[in-house]
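A.B. asks: In my numbering, the protein residues as written are 148 to 322.
The beta-carbon is built from N, C-alpha and C at its ideal position, and this holds for glycine as well.
Quick caveat: nothing in here was measured; it's all calculated off a predicted structure.
Let me give you the structure first, and then I'll get to my questions.
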C-alpha cells in the first residue's frame, strides 16, 4: 500500500501560469465560439453544439499550438468518435459494455489516424445517452466542429495570437 501511495503522490512542479492576456483571450475566444454556434442553432433550428465542444474550445483558444488543437484533430477526432459511438450503439444498443467498447475503439481509431482530440472522447458517451440518429454525424458533429475551427482561424488571426493552425495534414515525421 505504501508503494501505491508513493506512486500516486506526484511531486512534480506545476506548469507556469499563462500570461493574463492569454488567459483573457482564451476565455473570450471560447465564449465567442460557443455563443456563435448556439446563436446559429437558435436561428436555423439545426443543432450545432455538443457538450464536448466546450472542452474543444479550451484547446483551440487556450493552447492553439498543441497537437490536440489542430483542425485535423478537432474535426477528425469528433467525426471518428461520433461515428464509432453511432456504429456500436446501432449494433448492440445501450449496453454498458457496448459503451466501453465504443469509447475504447474511438480512442484507438483517433490514435491510429493521428487525429487525437481528447474532448471528442466524450462523443460516444453523448451518443449512448441521447440515442441520436446517423444525422448526428453531420449536425451537430461535423458542422459544429468545422464552425469551431473557422472561428478559431479567424479569432487567432484577428488577435495575433500565435500560429494557428500549426498544420492541417502535415508531412510524415521521420523516424
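1. Mark residue 302 as exposed unless 16 or more other C-beta atoms lie within 10 angstroms of its C-beta, in which case mark it buried.
2. List the endpoints of the continuous alpha helix (DSSP H) containing residue 272.
3. How big is the Cα-Cα spacing for residue 150 and residue 174?
4. Just reading off the alpha helix (DSSP H) that residue 217 is part of, what are its end residues?
5. Using only the alpha-carbon positions, how far apart do residue 274 and residue 245 sit?
6. Using only the alpha-carbon positions, how far apart do residue 171 and residue 154 sit?
7. For the 8 Å Cβ check, are there 3 or more pairs between the segment 199–219 and the segment 245–256?
8. Between residue 175 and chain D, is there a C-beta pair that is closer than 7 Å?
9. Is DSSP giving residue 314 helix, strand or coil here?
10. I'd like the list of long-range same chain contacts for residue 241, defined as Cβ closer than 8 Å, with 5 residues on each side in sequence excluded.
11. Out of 222, 231, 232, point me to the one whose CA is closest to residue 299's CA.
12. DSSP three-state call for residue 300: helix, strand or coil?
13. According to the neighbour-count rule (16 or more other Cβ atoms, all chains shown, within 10 Å of its Cβ), is residue 288 buried or exposed?
14. Taking the beta carbon of residue 166 as the centre, do at least 16 other beta carbons fall within 10 Å, making it buried, or is it exposed?
15. Provide the residue span of the alpha helix (DSSP H) that contains residue 261, from first to last.
16. Can you tell which of 194, 281, 268, 196 has the C-alpha that lies nearest to the C-alpha of residue 237?
17. Shortest alpha-carbon distance to residue 164 belongs to which of 178, 210, 158, 193?
18. Cβ atoms of residue 291 and residue 195: under 7 Å apart, would you say?
C.D. replies: So, from the listed chains and residues:
1. buried
2. 270–277
3. 40 Å
4. Taken as a continuous stretch (DSSP letters only), residue 217 belongs to no alpha helix (DSSP H), as it is neither H nor E.
5. 12 Å
6. 36 Å
7. no
8. The structure shown contains no chain D, having only a single protein chain.
9. coil
10. 275, 278
11. 222
12. helix
13. buried
14. exposed
15. Residue 261 -> no alpha helix (DSSP H), and no H or E assigned at all.
16. 281
17. 210
18. yes
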